[in-house]
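Below: one structure, written as structure tokens.
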Amino acid sequence: MLIGKNISFSYDDKEFINNLDIKIEKGKITTIIGPNGSGKSTLLGMLCSVNKIKNGCIYIDGKNIINYKSKLLAQIIATVYQQNNVPEDIVVEDLVAYGRIPHKGYFEKNNENDYKIIEWAIKSTNVEHLKNKPISHLSGGEKQRVFIALALAQKPKVLFLDEPNTYLDIFNQIELLELVKKLNEENNITVVMVLHDINQAVKYSDNLVIMKNGKIMKFGKSEDIINAEIIESVYNVKGIVTEVAENEKYFIPISVVH
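Numbering (UniProt numbering), first residue to last: 1 to 258.
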């Protein structure tokens with residue numbers, strides 16, 4: 001469904017990601033992990049067309065992403081960042097309504113179907129009680145749920161999340177990831193996200209992409225590829241991987257490796 005072939009990316013004419021291949025499984029959650037500076041967010045940005053690739057091709061539904069007009073692409077993919085800048089006085093319901101713009105003509109107003117989708121997006125993210133509040137009055141966790149609602153209002157096939165829970169406390173981190181899992185299962189939305197926490201990535205993902213220095217070190221089903229050896233080689237952290245439940249692994253760090 002979403003395929004990258006021989007894709008490369010450069011910063012200031014210095015190649016960072018070179019001839020990388022990746023295939024994102026339709027209807028699944030794929031999470032990109034790796035140490036700081038490994039290329040996680042860069043790769044996500046390439047896949048969602050925010051970062052312009054130097055060479056190679058990215059395909060969505062068999063069509064090269066560069067052949068999609070921006071409006072049509074916004075009907076297919078939506079992106080939520082760790083920090084999202086919007087006017088502080090905008091009310092939640094009005095913000096979520098912006099998600100319908102890719103589906104409208106110039107000066108075309110929302111119709112009954114649009115309002116149903118907006119209502120669905122608000123309800124699906126559990127922010128109904130916040131819909132009349134300015135975004136500036138919300139907590140970090142509430143804001144992220146609203147931005148996911150905005151993304152849902154686009155009715156995308158693929159939802160990209162770039163470190164969506166980085167600045168949240170542990171309750172809001174888990175609540176957000178449980179929401180993402182629920183949305184994926186109930187709506188068959190393909191999810192591609194970047195996370196820092198290895199254990200959260202394993203628990204809430206179908207597939208993992210493990211990166212280091214702009215390269216994919218390992219890619220596959222979460223429970224199959226995560227082990228102490230790959231974590232040590234990528235993160236320089238020695239530890240053990242234990243099974244805390246059936247098919248649920250957990251990494252316990254012991255020491256750094258110099």
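Where is the CB? At the ideal position from N, CA and C, for every residue including glycine.
Within its chain, find whatever has a CB closer than 8 Å to the CB of residue i; leave out the 5 residues flanking it on each side and keep chain order.
{"i": "E248", "result": "V202, K203 and E223"}
{"i": "D114", "result": "A97, R100, H103 and K104"}
{"i": "I225", "result": "L208, I210, K218 and F219"}
Taking just the CA atoms, how far does residue j sit from residue i?
{"i": "I254", "j": "T42", "result": "29 Å"}
{"i": "I31", "j": "S49", "result": "Reading off the sequence shown, one finds Thr at residue 31, where the question assumed Ile. Going from the Cα of T31 to the Cα of S49 covers about 17 Å."}
{"i": "K63", "j": "L73", "result": "11 Å"}
{"i": "N19", "j": "I7", "result": "5 Å"}
{"i": "F9", "j": "L176", "result": "30 Å"}
{"i": "K54", "j": "E246", "result": "43 Å"}
{"i": "K143", "j": "F171", "result": "14 Å"}
{"i": "K212", "j": "G56", "result": "20 Å"}
{"i": "E112", "j": "G141", "result": "29 Å"}
{"i": "residue 303", "j": "F219", "result": "Absent from the model: residue 303. The displayed extent of the chain is 1 to 258, so no value can be given."}
{"i": "D13", "j": "V86", "result": "32 Å"}
{"i": "E119", "j": "H258", "result": "52 Å"}
{"i": "Y68", "j": "K157", "result": "14 Å"}
{"i": "Y250", "j": "M1", "result": "30 Å"}
{"i": "K133", "j": "V92", "result": "6 Å"}
{"i": "E128", "j": "S233", "result": "45 Å"}
{"i": "L126", "j": "R145", "result": "Inspection of the sequence shows that residue 126 is occupied by Asn rather than by Leu. C-alpha separation (whole angstroms): 8 Å."}
{"i": "F107", "j": "I90", "result": "20 Å"}
{"i": "K71", "j": "D169", "result": "35 Å"}
{"i": "I231", "j": "K109", "result": "51 Å"}
Relative to the C-alpha of residue i, which candidate in the options has its C-alpha closest?
{"i": "K182", "options": "E108, I32 and K123", "result": "K123"}
{"i": "G99", "options": "Y81, A149 and E112", "result": "A149"}
{"i": "G34", "options": "Y250, V257, D12 and I198", "result": "I198"}
{"i": "K221", "options": "H258, I231 and S205", "result": "S205"}
{"i": "V256", "options": "V244, E246, Y235 and T242", "result": "Y235"}
{"i": "G45", "options": "N187, D169, G27 and I65", "result": "I65"}
{"i": "N165", "options": "E178, D21 and E185", "result": "E178"}
{"i": "K52", "options": "G4, K23, Y81 and L95", "result": "G4"}
{"i": "E88", "options": "S136, G39, Q82 and Y106", "result": "S136"}
{"i": "K28", "options": "Q200, T242, I216 and N188", "result": "N188"}
{"i": "Q173", "options": "K155, H129, S139 and K23", "result": "S139"}
{"i": "K155", "options": "I17, A121 and E163", "result": "A121"}
{"i": "K26", "options": "Y59, S38 and N36", "result": "Y59"}
{"i": "S38", "options": "G214, N84 and N110", "result": "G214"}
{"i": "D94", "options": "I117, S70, Q75 and I77", "result": "I117"}
Can you tell me whether residue i is helix, strand or coil according to DSSP?
{"i": "G214", "result": "coil"}
{"i": "E185", "result": "helix"}
{"i": "G34", "result": "coil"}
{"i": "L47", "result": "helix"}
{"i": "K199", "result": "Contrary to the premise, residue 199 reads as Asn rather than Lys in this sequence. It is helical."}
{"i": "F9", "result": "strand"}
{"i": "S124", "result": "helix"}
{"i": "T166", "result": "coil"}
{"i": "Y81", "result": "coil"}
{"i": "I29", "result": "strand"}
{"i": "F219", "result": "strand"}
Using a Cβ-Cβ cut-off of 6 Å (strictly less than) and excluding sequence neighbours within five positions of residue i, which residues of its own chain qualify?
{"i": "I240", "result": "A228 and I252"}
{"i": "T79", "result": "C48 and F160"}
{"i": "M193", "result": "T31 and L161"}
Where do the ends of the beta strand (DSSP E) carrying residue i lie?
{"i": "V158", "result": "V158 to D162"}
{"i": "V146", "result": "Looking at the DSSP string, V146 is not in any beta strand (DSSP E); the run it does join, the alpha helix (DSSP H), is G140 to A153."}
{"i": "V192", "result": "T190 to V194"}
{"i": "residue 261", "result": "Within the shown structure, residues of the chain are numbered from 1 to 258, placing residue 261 beyond reach of any answer."}
{"i": "E248", "result": "E248 to V256"}
{"i": "Y59", "result": "N55 to I60"}
Got a sec, what are the start and stop residues for the alpha helix (DSSP H) residue i sits in?
{"i": "K14", "result": "From DSSP, K14 is part of no alpha helix (DSSP H) but of the beta strand (DSSP E) over K14 to I24."}
{"i": "I66", "result": "Per DSSP, I66 belongs to no alpha helix (DSSP H) and is neither H nor E."}
{"i": "E223", "result": "S222 to I225"}
{"i": "I76", "result": "S70 to I76"}
Does any CB atom of chain C fall closer than 7 Å to the CB of residue i?
{"i": "G239", "result": "This model lacks chain C altogether, as it is built from one protein chain only."}
Can you list, in chain order, the residues of its chain whose CB lies under 7 Å from that of residue i, leaving out five sequence neighbours each side?
{"i": "D21", "result": "G4, K5 and N6"}
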